[in-house]
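These notes concern the structure reproduced below.
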Amino acid sequence: MSDFVILPEQDRSTYCTAKQYKDLYRQSVEDPDAFWLGQANRLDWFKAPTRGGEWSYDPVEIAWFADGTLNLCHNAVDRHLDQRADTTALIFEPDDPASAARILTYRQLHGEVVGMANALKALGVGKGDRVTIYMPMVIEGLLAMLACARIGAIHSVVFGGFSPEALAGRIVNCGSRFVVTADTGLRGGKVVPLKANVDAALDHDGVEVDGVLVVRHTGADVAMAGGRDHWYHELVSDAECPCEPMNAEDPLFILYTSGSTGKPKGVLHTTGGYGVWTATTFHYVFDYQPGEIHWCTADIGWVTGHSYIVYGPLMNGATSLVFEGVPNYPDHGRFWDVIDKHQVNILYTAPTAIRALMREGDHFVTSRSRKSLRLLGTVGEPINPEAWRWYFDVVGEKRLPIIDTWWQTETGGIMITTLPAAHDMKPGSAGLPFFGVRPQLVGAEGEVLEGATSGNLCIRHSWPGQSRTVYGDHERFVQTYFSTYKGKYFTGDGCRRDEDGYYWITGRVDDVINVSGHRMGTAEVESALVLHPLVAEAAVVGYPHDIKGQGIYCYVTLNAGEAGGEELAAELRQYVRKEIGPIATPDHIQFTDGLPKTRSGKIMRRILRKIAENDYGSLGDTSTLADPTLVDRLIEGRQNS
Ligand code: WT7
1 MSDFVILPEQ DRSTYCTAKQ YKDLYRQSVE DPDAFWLGQA NRLDWFKAPT RGGEWSYDPV
61 EIAWFADGTL NLCHNAVDRH LDQRADTTAL IFEPDDPASA ARILTYRQLH GEVVGMANAL
121 KALGVGKGDR VTIYMPMVIE GLLAMLACAR IGAIHSVVFG GFSPEALAGR IVNCGSRFVV
181 TADTGLRGGK VVPLKANVDA ALDHDGVEVD GVLVVRHTGA DVAMAGGRDH WYHELVSDAE
241 CPCEPMNAED PLFILYTSGS TGKPKGVLHT TGGYGVWTAT TFHYVFDYQP GEIHWCTADI
301 GWVTGHSYIV YGPLMNGATS LVFEGVPNYP DHGRFWDVID KHQVNILYTA PTAIRALMRE
361 GDHFVTSRSR KSLRLLGTVG EPINPEAWRW YFDVVGEKRL PIIDTWWQTE TGGIMITTLP
421 AAHDMKPGSA GLPFFGVRPQ LVGAEGEVLE GATSGNLCIR HSWPGQSRTV YGDHERFVQT
481 YFSTYKGKYF TGDGCRRDED GYYWITGRVD DVINVSGHRM GTAEVESALV LHPLVAEAAV
541 VGYPHDIKGQ GIYCYVTLNA GEAGGEELAA ELRQYVRKEI GPIATPDHIQ FTDGLPKTRS
601 GKIMRRILRK IAENDYGSLG DTSTLADPTL VDRLIEGRQN S
């Protein structure tokens with residue numbers, strides 16, 4: 001096929017070859033239990049598992065390695081002390097390039113994690129407790145995660161860009177009684193008032209915590225509530241603190257993610273399966289070798305940060321770079337500066353960052369060496385072939401493999417990707433399934449489609465990294481993922497499979513949009529808009545956006561007699577930022593006198609999507625609308641707004 005991009009031969013004997021991939025893939029689907037019990041040997045178990053997958057999708061119950069006992073902090077930290085205590089575990093690159101970088105060996109990381117674990121214990125945290133982590137991208141954020149794993153507490157990391165309202169909801173939902181935060185954070189030279197946001201969240205009705213642990217990061221002045229708030233540096237201690245033996249199915253973390261309805265749900269991952277999945281995918285997909293520097297540019301507030309900044313790399317004894325800043329500060333060359341400064345070998349980033357940098361011109365890239373780079377990765381949203389080309393031609397100088405890795409918060413780790421030396425690449429395609437992953441494309445009636453075709457992407461057969469439940473709401477887990485197509489996990493993505501068996505993710509088929517690689521429920525934005533006293537109704541859809549991939553388009557109807565304008569639009573934007581956070585800021589607000597509804601009152605989003613896309617030729621059947629004349633007014637409004 002002509003759409004393959006063929007690389008110069010990769011001179012690297014450790015890469016998994018095409019033949020090895022085929023053999024391992026076959027083993028992984030023919031005898032999944034034997035395959036995964038074998039991969040489980042990558043980890044150090046207190047008691048090795050003898051049981052593989054024990055699962056059913058109807059009723060939904062999933063377990064892997066259920067008779068095994070282990071601790072992921074032990075695997076990420078302590079276990080390396082014998083062999084590589086002096087190897088660098090973490091490199092911290094601060095927001096301000098003039099500030100000093102910080103380097104921690106595995107021995108130092110161990111000391112720091114023990115210190116954090118003791119601080120959490122002093123705060124009152126015990127096994128099974130939920131701990132909310134609301135931190136900037138600094139080492140202490142990772143320490144808090146690892147320290148929770150060490151003592152058997154369940155971490156719930158909330159992205160530092162979320163608003164106090166969003167934070168409060170996530171604290172209440174999982175009944176977390178502890179928060180770890182910092183005085184303030186820095187991003188692109190701007191101050192993020194983390195502790196003040198925590199205070200505001202805790203002011204909400206029904207939000208009650210026993211303790212807040214505050215890391216001094218910038219040294220900014222913050223209010224400390226007596227009895228509740230404690231400085232980390234006052235509680236830290238180097239007392240002995242062994243790793244708690246955990247059952248493989250004990251929860252490791254909760255991570256909130258958006259769905260098509262209602263509030264974000266707390267996706268729950270357990271210890272053994274998630275550990276094996278992230279350790280194994282990290283090993284094969286990135287082919288990390290000792291001495292290399294791995295840089296995943298995500299934030300620990302997202303699953304990408306959990307799996308490929310923290311757990312995957314550290315369980316493999318790798319050196320992982322932690323970056324506090326943003327790609328365009330102090331200028332658009334920052335990524336390449338960081339790469340040259342720390343001699344980064346693996347860069348794993350998102351299409352939205354690539355597009356934003358591409359727009360600024362090649363010289364920011366070509367003026368830096370980037371000679372250390374060996375592998376480029378992308379994740380989070382479909383990458384458009386133009387951005388792929390730029391990543392390949394300009395950043396990688398046509399010599400570096402690109403891996404386009406498809407996965408989700410719910411999958412725990414990478415599910416579909418090419419492997420650097422096993423498969424040729426196709427710009428825009430994620431490629432082939434990872435070991436043990438059995439994708440199926442399903443038609444509207446639930447029929448399984450074979451061969452080259454398009455459909456809804458499902459996965460049959462459980463894999464170790466699969467989420468086990470939605471915290472506190474198993475029924476929602478069942479409804480969201482296992483009820484659309486019986487006996488399969490439904491991803492929510494549309495997908496095409498080509499004649500070479502390559503998968504091309506076409507985007508979400510539900511009411512979830514992907515804004516700069518961040519997952520957003522349109523329902524969440526709508527709920528925020530209707531909080532405004534003048535707003536009667538709102539409908540939110542995604543539309544193509546040059547940099548963000550998808551932008552947020554809002555149709556708003558006002559109470560009778562009210563008129564919309566620039567000022568009200570600005571106020572509504574502010575409402576959404578306050579409710580959710582800056583990442584949910586509407587890109588476009590169109591005031592309208594009505595929303596297109598069927599006679600039974602269902603909003604026809606298909607029509608709203610087309611109009612937002614400026615695609616009026618294919619609106620489909622509009623005759624079932626309660627008010628068919630509305631469509632012309634909506635189009636007119638689109639053109640004038
Ligand atoms: C959704 C999951 C995976 C960690 C970051 C996002 C989209 C993710 C790709 C890719 C096309 C992708 C899907 C998926 N997505 N990676 N390589 N190509 N689309 O995790 O927030 O749980 O979002 O991101 O639509 O369902 P998430």
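Just so we're aligned, residue 1 is where the sequence shown starts under the UniProt record's numbering, counting upward by one.
Where is the CB? At the ideal position from N, CA and C, for every residue including glycine.
Note that the structure is predicted; figures quoted are calculated from it, not measured.
**Item:** Close beta carbons around Glu112, own chain, < 6 Å, minus the five adjacent residues each side
**Value:** Closer than 6 Å at the Cβ level, and outside the excluded window around Glu112, lie Leu143.
**Prompt:** So is the beta-carbon of Asp404 under 7 Å away from any non-hydrogen atom of the ligand WT7?
**Reply:** Answer for Asp404: yes, Cβ within range of the ligand WT7.
**Message:** Considering just the uninterrupted stretch of the beta strand (DSSP E) at Ile589, what are its terminal residues?
**Reply:** Judged by DSSP secondary structure, Ile589 falls within the beta strand (DSSP E) whose first and last residues are His588 to Phe591.
**Item:** alpha helix (DSSP H) segments (min. 4 residues) lying fully within the segment 77-110
**Value:** Correct list: 81-84.
**Message:** Quick check on the DSSP output: what are the complete beta strand (DSSP E) runs of length 3 or more inside the UniProt domain "Acetyl-coenzyme A synthetase N-terminal" (21-76), in order along the chain?
**Reply:** Runs of the beta strand (DSSP E) inside the UniProt domain "Acetyl-coenzyme A synthetase N-terminal" (21-76): 45-47, 53-57 and 60-64.
**Message:** So, with DSSP's three-state summary, where would you put Tyr15?
**Reply:** Of the three classes helix, strand and coil, the one that applies to Tyr15 here is coil, per DSSP.
**Prompt:** Between the C-alpha atoms of Ala166 and Met315, what's the straight-line distance to the nearest angstrom?
**Reply:** Their backbone Cα atoms lie some 31 Å apart in a straight line.
**Message:** Please state the DSSP three-state secondary structure of Leu347.
**Reply:** Strand, per DSSP.
**Asked** Any heavy atom of the ligand WT7 within a distance shorter than 7 Å of the CB on Pro464?
**Response** No - the ligand WT7 has no heavy atom lying nearer than 7 Å to the Cβ of Pro464.
**Asked** Measuring from the CB of Asn514, is there a heavy atom of the ligand WT7 at a distance below 7 Å?
**Response** Inclusion of Asn514 in the 7 Å shell around the ligand WT7 follows from its C-beta lying nearer than that to a non-hydrogen atom of the ligand.
**Message:** Report the CB separation of Ser372 from Ile339 in whole angstroms; it is logged as a contact under 8 Å.
**Reply:** Indeed, because the Cβ distance is near 6 Å, the residues count as touching under 8 Å.
**Prompt:** When we look at the beta-carbon of Met1 and count the other beta-carbons within 10 Å, is it buried (16 or more) or exposed?
**Reply:** Here the model assigns Met1 a pLDDT of 48, short of 50, so the residue's position is not dependable, and the following value carries that caveat. Counting every other CB atom within 10 Å of its CB across the protein chains shown gives Met1 a total below 16, marking it as exposed.
**Request:** Could you spell out where the alpha helix (DSSP H) holding Asp632 opens and where it closes?
**Result:** For Asp632, the enclosing alpha helix (DSSP H) covers residues Leu630 to Asn640.
**Prompt:** In the structure shown, what three-state DSSP assignment does residue 647 receive?
**Reply:** The requested residue 647 does not occur in the structure, where the chain is confined to residues 1 to 641.
**Prompt:** Does the segment 279-299 come close enough to the segment 442-457 that 3 or more CB-CB pairs lie under 8 Å?
**Reply:** Contact between the segment 442-457 and the segment 279-299 is absent, because fewer than three Cβ pairs lie under 8 Å.
**Request:** Output yes or no for whether 8 Å exceeds the beta carbon distance between Tyr543 and Tyr555.
**Result:** Going by C-beta atoms, Tyr543 is not nearer than 8 Å to Tyr555.
**Prompt:** Are Leu213 and Ile139 closer than 8 Å when you measure CB to CB?
**Reply:** No.
**Prompt:** Using a Cβ-Cβ cut-off of 6 Å (strictly less than) and excluding sequence neighbours within five positions of Ile6, which residues of its own chain qualify?
**Reply:** The residues are Asp424.
**Asked** Under three-state DSSP, which class holds Asp250?
**Response** Coil.
**Message:** Within the continuous beta strand (DSSP E) that includes Tyr134, where are the two ends?
**Reply:** Arg130 to Tyr134 is the span of the beta strand (DSSP E), which, as asked, contains Tyr134.
**Request:** Kindly indicate which residue of Gly436, Met415, Val172 and Ala421 has the alpha-carbon position closest to the one of Val376.
**Result:** At residue 376 the sequence reads Leu, which differs from the Val that was named. Taking only the C-alpha atoms, the option nearest Leu376 is Ala421.
**Request:** Check whether the Cβ atoms of residue 642 and Asn514 sit closer than 8 Å, and answer yes or no.
**Result:** Residue 642 lies beyond the residue range present for the chain, which begins at 1 and ends at 641; the question has no answer from this structure.
**Message:** Tell me the rounded alpha-carbon separation between Tyr15 and Ser429.
**Reply:** Approximately 21 Å between the Cα atoms of the pair.
**Asked** Leaving out five residues before and five after Thr624 in sequence, what residues of the same chain have Cβ atoms less than 6 Å from its Cβ?
**Response** Excluding residues within five positions, the ones whose Cβ falls inside 6 Å are Thr598.
**Item:** For Val541 and Thr522, believed in contact at Cβ under 8 Å, the rounded distance
**Value:** Contact flag correct, Cβ pair sits at about 6 Å.
**Asked** Taking the alpha-carbon positions, what's the Asn640 to Arg633 distance?
**Response** A straight-line Cα-Cα distance of about 10 Å links Asn640 and Arg633.
**Phe178 - partner residues in DSSP beta bridges** = In the DSSP assignment, the residues bridged to Phe178 are Val131 and Gly211.
**Inter-residue CB distance, Lys171 and Val285 (contact presumed, cutoff 8 Å)** = Position check: residue 171 holds Ile in this sequence, whereas Lys was assumed. Actually they do not touch by this definition, with Cβ atoms about 34 Å apart.
**Asked** What are the start and end residues of the beta strand (DSSP E) that includes Ser156?
**Response** Secondary structure note for Ser156: its beta strand (DSSP E) is the uninterrupted segment Ile154 to Val157.
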